[in-house]
Amino acid sequence: MSKFLEPSIEEIEKEQLYKDMGLTDEEFQKVVSILGRKPNFTEIGIFSVMWSEHCSYKHSKPFLKQFPTSGDHVLMGPGEGAGVVDIGDNQAVVFKVESHNHPSAIEPYQGAATGVGGIIRDIVSIGARPISLLNSLRFGELTNKTNRRLFGGVVKGIGGYGNCIGIPTVAGEIEFDGRYDGNPLVNAMCVGIIDHDMIQKGTAKGIGNPVIYVGLKTGRDGIHGATFASEELSEASESKRPSVQIGDPFVGKKLMEATLEAITYPELVGIQDMGAAGLTSSSSEMAAKGESGIHLHLEKVPTREAGISPYEMMLSETQERMLLVVEKGTEQKFLDLFEHHELDSAVIGEVTDTNRFVLSYEDEVYADIPVEPLADEAPVYILEGEPKEYKDIQNRYDNIDVNDVFKNLINHPTIASKEYAYDQYDQQVGANTIVKPGLSAGVVRVEGTNKAIASTIDGEARYVYNQPYEGGKMVVAEAYRNLIAVGAKPLAMTDCLNYGSPEKKEIYQQLADSTQGMAEACKALNTPVVSGNVSLYNETKGTSIFPTPVVGMVGLIEDVDYLNHFEPKANDKVYLVGDTDNDFGGSQIEKLLFKEVNHEPSKIDLDLEVQRGEQIKDAIQSGRVSYAKAVGKGGVAIGLARIASQFNLGLDVKLSLTDAQLFSETQSRYILVVKSGEAVNVDGAIEIGEMTNDGRFNLTNETSQINDDVSNINEQLKGAIAQCMKSRV
Amino acid sequence: MKLAVLVFPGSNCDRDMLNAAKRSGVEAEYVDYRETSLKGFDGVLIPGGFSFGDYLRSGAMARVAPIITEVKRLAEEGKPVLGVCNGFQILTEVGLLPGALLHNDSHLFVSRNEALTIVNNDTKFTHQYEKDETVIYPVAHGEGHYYCTDEMYNELVENNQIILTYQDNPNGSYKDIAGITNKAGNVCGMMPHPERAMETLLGSDSGVKLFQSMIESWREQHV
């Protein structure tokens, strides 16, 4: 007689209980054939989470295969907790981005906090010390009360976790659009530093080696979190609150320090974070990678309360936990270390030679599954897409009011300063942050060296929705440009693919086309993908979000010296690099004037991108450039306004562009501020004016002018979001 | 000179503090909160962070940590004790400094560089600054609103205990107070982070003189 009351094997099949867990009839039959018998309740639960989209990538695998994953600097590509890229001197940078969209939609503070916690543990489980955090966020417009609540909660949650654990948040991006109503995107990225010889893998090897559990006691929280993350959001999602986990940054901090000490012990064989699908995924994946079996004695798992069943234990996503495999006979050494850090830990199992995943509770067996098919034989679905039909009548921009457009753009939260958010994040803890959040990539010095890591996270959902293939390229290129703009050499990237339901033809096609564009850009820009995450089913009440692939990229700065003087000053000359065309598809001016994305032609020349990027990077590193910024949303007029505002300097500029072109979003352009008396050798750089100290923003073309006090522009840019958040309606 | 950098579970500016001290040319070592001796140390640095998670009240748990007895002893002996951010919160909880730190008025965490005024440059911690000198220190806290009664405030003023004020108060602190000392002048607490302001590359080197002041004061007495 079982100790726990749960549905019988017969009931699971008869009442199709597996369907509630997200498995189809065919998938259930596949489980039966793998086991050679019908699964019990614990077993079917385990299959359902391991085969969820979140864990198995069953709809996205074919797209991920397109990405280049190796390169000169890549030490470890996708497959482990995070990617590892060489930065010389026996050091490497470790990084990854992950989504926490679904939990954040119903519990914004905890959803975001646990998103940050999870990505930190991914980095730490490789053995790296985290040096920076980034985040990419999307919400519906702030004119809506629910969106304000979600935005406020998410920002607080990111700060609440990141500040407490003591890792600076140094860059990010936030956009607002009705397409994210009720379905915010919360993508968190973490970057760490490691010595080559300390790189850990999540592997369970060596027959008889003990399996150690450390961290928070397992509770009944987050059960089926991975399954929930692979569903569309609906009214009923509210009732899935128990699928959202609660973070504990205090334990997270202790666990981080303890783990970083544990990896210095040579007796450590393998380590993995208990993330999505908790104990199930960490233990079974480690066994699969070690080509061994694993036997867990679940009565030994530290639990928060009595009576938690094997099913609940295996599916719980309680935060702040790690699983280790260590050499036999050395377990006490590890348990003592965790005791010193005041963490719960226990030996809960051992590595076996059976190639089976066996779970017992007080000698009763609750699951006995072959390891390899569980981890590697998840179903893969290749579906058929259908390209969207595009309208072919172009919008007209020949009669716009320049001042009106300018004012409306700088007052929209997407363009406005994100100070409201990043003021809530500790940006400088660790005392290595050189470039803080504001205009471009964040830069953090590698402690004890003259090197620094630049990092950025970017998405361009409107471009991707406009033209998925070209848009996919643009997302990668934007991240690349942000690194170039601080003088860094782009090394590699991580990605988070946020889309609607892949079971819809149009969405499937968006995935296919945009990832193809991304893959091509990765190759051209020499920035292989070393880690990533997929979040599908981002739909609320039948409406899908914009296809939102997000790219996190890191770059290396060999010598930080030039950054001592990287700030514009009065009399510095201002250059625009790159021709401006009528590129309005997916732009902010299009959104402002026409609301909808009109699918106008858009293009990017990747060869030109690299050639220009190299020249600009060299110019910046030469020390002649006092500031650089890639031209992005809102075009050159907005880019200039943001520089003047950020540094509280006047600006006097004349451009030979049409009114609308002032806001055009043509790719591959930069604004360069060059030190007074210096010259730079960059093809396509046109001098357009200078920085001044009269506090005036003066921008003219042949037909119009924008003339205002910088302090006034500043007030609008910095006040826009805070103003929205004050609204009571 | 040898300084102790206390480490509580949840401290997160301990590395920054240790690096800043070493950079200033003195010996510095971590001391675990469970230790019961500060023998051989000439002063104590209490770093920022979230000691014991600060789930109860900032510094409330740290107050009863074993090492605190020794911190009190050093304070009584006139040795320098500097608490920054969570360190300041702990020192007020322990009672070595008057007043308390409340939630920021905005109820939001605030992280930015702040301009501050050195209002008293006649202390162990500030004598290398000019009077009324403007310094830039980063702040990063959720509970940085310095609170005291009018009576306490008058006493602080009378004894010249206020050493640092905000120019643009980020948290609602009473009378813009950012940093104070005890009556004897050897225990100092402040919410802003001088240990993060040690290099122009990182945005400010305003903190250098604070560490130098501490070290110089000690040398004058001991060499």
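Sequence lines, in order, name chains W and S. If you're matching positions, the first sequence starts at 1 in my numbering and goes up one per residue. If you're matching positions, the second sequence starts at 1 in my numbering and goes up one per residue. In this text, a Cβ means the ideal position worked out from N, Cα and C, and glycines have one as well. Small disclaimer: the values here were computed from a predicted structure and weren't measured.
Checking the DSSP bridge columns, you'll see N533/W partnered with C496/W. Contact annotation for C164/W against chain S: G10, N12, G49, F50, G53 and D54 [CB-CB distance below 9 Å, chain order]. Assigned with DSSP and collapsed to three states, P379/W falls in coil, not helix or strand.
Among the residues of chain W, those whose CB is under 7 Å from the CB of R112/S are D423, following chain order. In the structure shown, A485/W adopts coil according to DSSP, grouped into three states. A contact is defined here as three or more CB-CB pairs under 8 Å, and the segment 549-560 of chain W fails this definition with respect to the segment 656-669 of chain W. For a Cβ distance threshold of 9 Å, residue set L108, F109, S111 and G142 of chain S lies close to G159/W, ordered along the chain. The Cβ of R219/S sits no closer than 8 Å to any Cβ of chain W. Between the alpha carbons of N154/S and N450/W lies a distance of about 48 Å. If you compare the alpha carbons of K328/W, Q332/W and V214/W with that of S282/W, the shortest gap goes to V214/W.
Counting only residues of its own chain and dropping the five nearest sequence neighbours on each side, L383/W has a CB closer than 6 Å to the CB of Y508.
Residues of the segment 61-73 of chain S with a C-beta atom less than 9 Å from some C-beta of chain W do not occur. Distances from the alpha-carbon of R219/S to those of Y33/S, A4/S, K79/S and T36/S put K79/S closest. Using a Cβ distance threshold of 8 Å, S676/W and G695/W do not count as a contacting pair. Using a CB distance cut-off of 8 Å, R57/S does not count as an interface residue toward chain W. Distances from the alpha-carbon of I604/W to those of A628/W, G613/W, I643/W and A477/W put A477/W closest. A distance of 8 Å or more separates the beta carbons of V475/W and T69/W. Listed along chain W, the residues sitting closer than 8 Å to T200/S by beta-carbon distance are N564. Counting along the chain, no alpha helix (DSSP H) covers R669/W, and no H or E run does either.
Non-local beta-carbon contacts of P468/W in its own chain, meaning distances under 6 Å to residues more than five positions away in sequence, involve Q510, D513 and S514 in chain order.
When only Cα atoms are considered, N538/W and A113/W end up about 19 Å apart.
Not one beta carbon of chain S lies nearer than 8 Å to the beta carbon of K58/W. Taking G140/W as the centre and dropping the five residues before and after it, the same chain places the C-beta of N147, G178, Y180 and D181 closer than 6 Å to its C-beta, in chain order.
Under the three-state reduction of DSSP, P373/W is assigned to helix. Interface annotation, N169/S: not in contact with chain W, CB-CB separation never under 8 Å. For H54/W, the enclosing alpha helix (DSSP H) begins and ends at E53 to S56. Note on geometry: alpha-carbon atoms of M76/W and V84/W lie some 5 Å from one another.
Near chain W, meaning a CB-to-CB distance below 7 Å, the residues of the segment 135-165 of chain S are P138 and A140. Ranking L298/W, I457/W and K569/W by CA distance to the CA of E362/W puts L298/W first.
A check of alpha carbon separations from G684/W across L576/W, E702/W and L651/W identifies L576/W as the nearest. Taken atom to atom, the span from the alpha-carbon of A461/W to that of E175/W is near 9 Å.
Under the DSSP assignment, K300/W falls outside any alpha helix (DSSP H); it carries neither an H nor an E label. Within the segment 59-145 of chain S, the complete alpha helix (DSSP H) segments at least 4 residues long are 68-76 and 86-94, listed from N- to C-terminus. Straight-line spacing of the CA atoms in I180/S and E35/S works out to 27 Å. Within 10 angstroms of the beta-carbon of L5/W lie fewer than 16 other beta-carbons, which makes it exposed. Within the segment 254-285 of chain W, those residues whose Cβ lies closer than 8 Å to any Cβ of chain S are, in chain order, K254.
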